[in-house]
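Data block below; observations after.
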Amino acid sequence: MPRRKKAATSKIDPKKNYLSISALSKEFNVTPRTIRHYEDEGLLEPARRGQTRLFTEEDRRRLEIALLGARLGIHLSKLRELFDLYDNARGDDKRTRQFILLVSQQHQLLSRQQQDLQAMSAELERMEKEFRVIVEPPLEVRRDHTQ
Numbered sequence: 101m102p103r104r105k106k107a108a109t110s111k112i113d114p115k116k117n118y119l120s121i122s123a124l125s126k127e128f129n130v131t132p133r134t135i136r137h138y139e140d141e142g143l144l145e146p147a148r149r150g151q152t153r154l155f156t157e158e159d160r161r162r163l164e165i166a167l168l169g170a171r172l173g174i175h176l177s178k179l180r181e182l183f184d185l186y187d188n189a190r191g192d193d194k195r196t197r198q199f200i201l202l203v204s205q206q207h208q209l210l211s212r213q214q215q216d217l218q219a220m221s222a223e224l225e226r227m228e229k230e231f232r233v234i235v236e237p238p239l240e241v242r243r244d245h246t247q
């Protein structure tokens, strides 16, 4: 279930460069609705000027991680947990240890998935070669049939 939108708490810092939702959607080739969804889920918290969302470089990095996580099948709740711990772990040893544990677990999972992907890729390549031999006769055989 999506989180409720929070009221914007970050003030606009004139020293920072801000990105619009359209700039982010073009950069990552996603719809503005996708970005608003990640905001609804609590993964992004842009500043606002009226109704206009203003995203920082930190928001951009978070969006990049969220989109990558989505492609890798990482559930939004896991990303939210990571981001929440990341945001609140500094100066809190218990949260810092939780963050390190969660990141380590996710890293181990991705390493196993990477090994599985490599094994699957090698098997698919083997199968493709095996079947290409069947459907693609050698060049000499093709020449004999055309003459």
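Under our numbering, residues 101 to 247 are what the sequence shown spells out, in order.
Note that CB positions come from ideal geometry on N, CA and C, so glycine has one too.
| Check | Outcome |
| --- | --- |
| Range of the contiguous alpha helix (DSSP H) that encloses Ala219 | Asp193 to Val235 |
| Straight-line gap, Lys111 to Leu202 (C-alpha atoms, nearest Å) | 30 Å |
| Inter-residue spacing [alpha-carbon to alpha-carbon] between Asn129 and Leu167 | 10 Å |
| Whole runs of the alpha helix (DSSP H) within the segment 168 to 192, excluding any shorter than 4 residues | 176 to 188 |
| Assigned secondary structure, Leu144 (DSSP; H/G/I helix, E/B strand, else coil) | coil |
| Arg212 burial status per 10 Å Cβ neighbour count (16 or more: buried) | exposed |
| Contact between the segment 182 to 193 and the segment 146 to 154 (3+ Cβ pairs under 8 Å) | no |
| Cα-Cα separation between Met101 and Lys115, rounded to whole angstroms | Confidence is the limiting factor: at Met101 the pLDDT is only 47, short of 50, which leaves the residue's position unreliable, though a coordinate-based value still follows. Between Met101 and Lys115, the C-alpha separation is close to 36 Å. |
| Distance between His207 and Glu141 (C-alpha atoms, nearest Å) | 23 Å |
| Where Phe199 falls, given that 16 or more other Cβ within 10 Å makes a residue buried | buried |
| Identified DSSP bridge partners for Arg153 | Arg148 |
| Buried or exposed by the 16-neighbour rule on C-beta atoms within 10 Å, applied to Asp192 | exposed |
| Reference Phe183; option with closest CA among Arg149, Leu172, Ser221 and Glu139 | Glu139 |
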